[in-house]
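> Can you keep this structure in mind? I'll have questions shortly.
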Amino acid sequence: MHFDAFDRYHDSESFLHRLDPRVKVVAAVVFILSNALLQDGAWIAFGLSWLFLLLANQLSNLGLGFTFRRSLVALPFALIALTVLFSIPGKPLSSFHFLVWDLTITDAGLLRFVSILIRSWLSVQMAILLVAVARFPDLIHALEHLRVPGILTTIIAFLYRYLFVLADEVFRLMRARESRSAAAPGKRAGGSVAWRAGIAGHMAGQLFLRSYERSDRVYNAMLARGYAGHMETINPHELRRRDYITVALVLLAILFFQLVGRL
Amino acid sequence: MTTALQVQDLHFSYHDGHAALRGVTFQVCEGDKVALVGPNGAGKSTLMLHLNGILTGQGEVNVGGKRLTRENLSAIRSMVGLVFQNPDDQLFSPTVFEDVAFGPLHMGLPMNEVESRVNAALEAVRMTGFRDRLSHHLSVGEKKRIAIATVLSMDPQILVLDEPSAGLDPRARRTLINLLRELPITMLVSTHDIRLVQELFPRTIVMDEGIIVADGRTNDILGDEALLTAHGLEKP
Amino acid sequence: MHYSPQPLHIPDGFLSFTVSVICWVISAITIGMAVSRSNKSLGERQIPLMGVMAAFIFAAQMINFPVAGGTSGHLLGGALAAITLGPWAGMLVMTAVIAVQALLLQDGGLLVMGANILNMGLITAAIGYGLYRGVSTGSRSLKLAVAGIAAWLSVMAGALFTSLQLWLSGTSQLQVVIPAMLGVHALIGVGEALITVAALMFILQTRPDLLGENSVSAQGSRGWMVAGVLITLAVVLLSPLASADPDGLERVAGDLGFLGKGVSAPYHILPDYTLPFLGETALSTILAGLIGVVVVGAIIVLLGQGLKAKS
């Protein structure tokens, strides 16, 4: 059992895959920014943004419905926005009784709620597409080029490298715990919640020490290969004409969505 | 003789579609000590994870005459003592005592019984003096023995060990072999250590590519050179 | 086993543009300080240490323990990271973790990442470290007790800031989101505190040198105590205030021009979040909050069960 499931890159030779990772990051962020700037009820602009997303899906060779399939991950969070249904004054649409509350859904509340969900739904799909068409190490390079401090990108690179190793360790620890989590007939098994939390804490402490000692070994291995406090990276990325044109087109499209949204 | 463990036509595939078990059938009688050998990726570890329901495939697993189901999972877990290959995965508490006590405490046993079970388990692996030591500071050989004690304290009917002698120096390995010989308990042990097999186990099961390719007296199997070469094993 | 998203990770779309940008600015400035401090004061040894420790926090967040009814508790880790690695390194490590969760797993959005880093990484580290630093020369049990309280408070602070951001964005109603978020996280925070204390206990028992006077974790200056105590005070004072007098808070926010149109207006859900039959008493507010917590809890349990049954 391995945590390759974390890696959501889908290999392909599509137009999007071949773009410079910086372009992909900028385009995704601008798209998400644009969603946040669109006003509630800007249906046409939302619709255009969705078509833009579909086009991006199409250009990725992953299929039109690719991002849709995983797009519901943020849905549980919609719960938190539920209150706007009732809290914004407007024309009452429907009233009902829930526990001790008399709730009235208003047209303005519904408009806002749906707008929030659409923004979130569109944005999360773009983020899904981004990691599907850009290898994570390339994304880290893109962040370096985009002036994210080197110490942070280096930490992220290490994190990505050892994430899989440590996640496997967690998995084995939890399996060993599960394997000894038995019950005796007629006895209440499992101990108290605090005891179980303490065991989880011991596992975290155990993992901490192992990680700490591993970082020592990593450091020694780096020293052995001449590390002197600075990480050198080779960066093969170079912006080509195609990249500039794509960025320009994306920005134009986003500008157009914003204009439509404000008409 | 009573059957301690019976596996009937067990199939299992991982998420990626890789078929790890393709119809495994065997049984272990009470008091048997059985070796499980085969190359890496043969399905040995996967099979062991089925014996106490960590993984569940198609087919039947019976422990002590009871069929393993979702309902009696937690009862079965106390009957099958599974010892993992890397003792660091098994020892997640700060002190030896806490780790050996985890199983009995989880079962909800009263404190005095937990105490006596921990003492008995440590006694059985000859580690009585280590009760209050920190697991993190033990040698690999000591960790292995403590790992065995962590399941002995649950009073299992069968002990299932994954690669017990891997990574041990000759002395620690010798101590472990003596310990396994003396433990009066049914045992199924997966290993690459053919000399250990020869010394300890009257019966050997050979697995390869998810099926059992041979099951019989250790002397016969280790004498069958063609069988050994065909499945990537070496004559001792 | 699956990676399970955590309740504090805000997805894109739920915070307004203004709130997202303000949070990004605050986070960026703090991270900038952390970067320059780390570049100056930390040895080359720190780079692989922080990198592997970031992976540790990420992995440790997957360790769970069963609570009840199919729900499980787990670690957020901001306080633990800051206590064990020092405040600046802790903040960088948490930033990396949150960035990777958003980029790789879409757990938390990109535009709102500034807010997520602020809530789950920076504030938690500042509180965790600040309070712990004050007693770092004290007895072991005092240290552990304070670490536990700091871990609990760090989760509550994260929840409070998240609620305020959601409210300022016009996404949630203050009267509902504060009691609901704080109520749920009061419980989640207990899990955080227990895991943090047990993990520290393990480390103190096994490698006390890692938390001693000469360790990296002792590098933060005494100024952190002030910062930690101030943020804690703000949280402790703000939560009851926000719960007891949301109208006041709303007036302030309205005066500052924060609130979106239409959100600060009268509410149709029970006025001021009270129960009708009890009138407008403190008891009524608390009970209404509790009911909110139970409902949200029940929904989460049901959702959890549903998802589990599917997989």
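Residue numbers (the working numbering), protein chains in the order written: chain U, 9 to 271; chain X, 438 to 673; chain A, 2 to 312.
We put the CB at the ideal spot given by N, CA and C, even for glycine.
1) Taking only three categories from DSSP, how would you classify X:His574?
2) Could you pull the start and end residues of the beta strand (DSSP E) that U:Lys32 belongs to?
3) Helix, strand or coil for U:Pro145? Go by DSSP, reduced to three states.
4) Can you look up U:Pro272 in the DSSP assignment and give me helix, strand or coil?
5) Look up A:Ser240 in the DSSP assignment and say whether it is helix, strand or coil.
6) Is there a C-beta anywhere in chain X that falls below 7 Å from the one on U:Arg183?
7) Around the C-beta of X:Asn549, are 16 or more other C-beta atoms found within 10 angstroms, so that it is buried, or is it exposed?
8) Would a check of beta-carbon distances place U:Ser189 closer than 7 Å to chain X?
9) So, is U:Phe104 buried or exposed, given that buried needs 16 or more other C-beta atoms within 10 angstroms?
10) If you reduce the DSSP assignment to three classes, tell me which class U:Ala50 lands in.
11) List the residues of chain U that X:Arg504 touches, going by C-beta distances under 9 Å, in chain order.
12) Under a Cβ-count criterion, where at least 16 other Cβ atoms within 10 Å of its own Cβ denotes burial, should X:Ala663 be classed as buried or exposed?
13) Would you say U:His18 faces chain X, with C-beta separation under 7 Å as the test?
14) Using 10 angstroms around the beta-carbon of U:Glu21, count the other beta-carbons present and answer buried if the total reaches 16, otherwise exposed.
15) If I measure Cβ to Cβ from A:Val136 and keep anything under 7 Å in the same chain, skipping five residues before and after, which residues do I get?
16) Helix, strand or coil for X:Thr493? Go by DSSP, reduced to three states.
17) So A:Val230 packs on A:Met157, CB below 8 Å; how close in whole Å?
18) Where do the N-terminal and C-terminal ends of the alpha helix (DSSP H) with A:Leu119 fall, by residue?
19) From the DSSP output, read off the bridge partner residues of X:Ile642.
20) Can you give me the start and stop residues for the alpha helix (DSSP H) that U:Arg204 sits inside?
21) Between the region 192-210 of chain A and chain X, which residues of the former have a C-beta closer than 8 Å to a C-beta of the latter?
22) Taking 7 Å as the limit between beta carbons, can you name the residues of its chain near A:Val264, skipping five residues before and five after?
23) Strictly below 9 Å CB to CB, what residues from chain U border A:Leu112?
24) For X:Arg459, which of helix, strand or coil comes out of DSSP?
25) Within 8 Å, do at least three Cβ pairs link the region 619-636 of chain X to the region 591-609 of chain X?
26) Identify every residue that forms a DSSP beta bridge with A:Phe66.
27) What number of angstroms, rounded off, separates the C-alpha of X:Arg611 from the C-alpha of U:Leu217?
28) Does A:Asp13 pass the burial test, meaning 16 or more other C-beta atoms within 10 Å, or should it be called exposed?
29) When burial is assigned at 16 or more other CB atoms within 10 Å of the CB, is A:Arg208 buried or exposed?
30) If we define contact as Cβ-Cβ less than 7 Å, is X:Arg514 a contact residue for chain U?
31) Can you grab the Cα-Cα spacing for the pair U:Tyr227 / A:Met54, in whole Å?
32) Taking only three categories from DSSP, how would you classify A:His186?
33) Can you look up X:Gln464 in the DSSP assignment and give me helix, strand or coil?
34) How would you label X:Asn523, buried or exposed, when you count the other beta carbons within 10 angstroms and need 16 or more for buried?
35) Applying a beta-carbon distance threshold of less than 7 Å, which residues of chain A neighbour X:Leu571?
36) Does X:Ala441 come out as helix, strand or coil in the three-state DSSP assignment?
Here's the rundown:
1) In the three-state reduction of the DSSP assignment, X:His574 falls in the helix class.
2) For U:Lys32, no beta strand (DSSP E) encloses it; the enclosing alpha helix (DSSP H) starts and ends at Pro29 to Leu45.
3) It is helical.
4) Nothing in the structure corresponds to residue 272 of chain U, since chain U is present only between 9 and 271.
5) A:Ser240: helix per DSSP, three-state reduction.
6) When Cβ-Cβ separations below 7 Å define contact, U:Arg183 makes contact with chain X.
7) Classification for X:Asn549: exposed.
8) By this cut-off, U:Ser189 is an interface position.
9) It is exposed - the Cβ of U:Phe104 has fewer than 16 other Cβ atoms within 10 Å.
10) For U:Ala50, the three-state secondary structure derived from DSSP is coil.
11) Near X:Arg504 there are no residues of chain U at all, since even the closest Cβ is about 17 Å away, more than 9 Å.
12) Under this definition X:Ala663 is an exposed residue.
13) Under the 7 Å criterion on CB atoms, U:His18 is classed as non-interfacial with respect to chain X.
14) By the 10 Å Cβ count, U:Glu21 comes out exposed.
15) Excluding the 5 residues flanking it on each side, A:Val136 has same chain C-beta neighbours closer than 7 Å at Leu143, Lys144 and Val147, in chain order.
16) If DSSP states are grouped into helix, strand and coil, X:Thr493 belongs with coil.
17) So it is not a contact: roughly 15 Å between Cβ atoms.
18) A:Leu119 -> no alpha helix (DSSP H), and no H or E assigned at all.
19) For X:Ile642, which the question treats as bridged, DSSP gives the partners X:Leu473 and X:Asp652.
20) Boundaries of the alpha helix (DSSP H) around U:Arg204: Val201 to Ala232.
21) The residues in question are Met202, Phe203, Gln206, Thr207 and Arg208.
22) The predicted model places A:Val264 with a pLDDT of 38, which falls under 50 and marks its position as unreliable; any figure quoted below should be read in that light. Within the same chain, and ignoring the five residues on either side of A:Val264 in sequence, the residues whose Cβ sits closer than 7 Å to its Cβ are Gly171.
23) Result: Val37, Ile40, Leu41, Asn43, Ala44 and Ser131.
24) In this structure, X:Arg459 counts as strand in the three-state DSSP scheme.
25) Output reads yes: the region 619-636 of chain X touches the region 591-609 of chain X.
26) Per the DSSP secondary-structure output, A:Phe66 pairs in a beta bridge with A:Gly74.
27) Taking the straight line joining both Cα atoms gives about 30 Å.
28) A:Asp13 should be labelled buried.
29) Burial is judged here by how many other beta carbons sit within 10 angstroms of a residue's own beta carbon; A:Arg208 has at least 16 and is buried.
30) Yes - at least one Cβ of chain U is within 7 Å of the one on X:Arg514.
31) Looking at the two C-alpha atoms, the distance is approximately 13 Å.
32) Residue state, collapsed to three classes: helix.
33) X:Gln464: strand per DSSP, three-state reduction.
34) Its Cβ being crowded by 16 or more others within 10 Å, X:Asn523 is buried.
35) Listed along the chain, the chain A residues whose CB falls inside 7 Å of the CB of X:Leu571 are Gln206 and Thr207.
36) Residue state, collapsed to three classes: strand.
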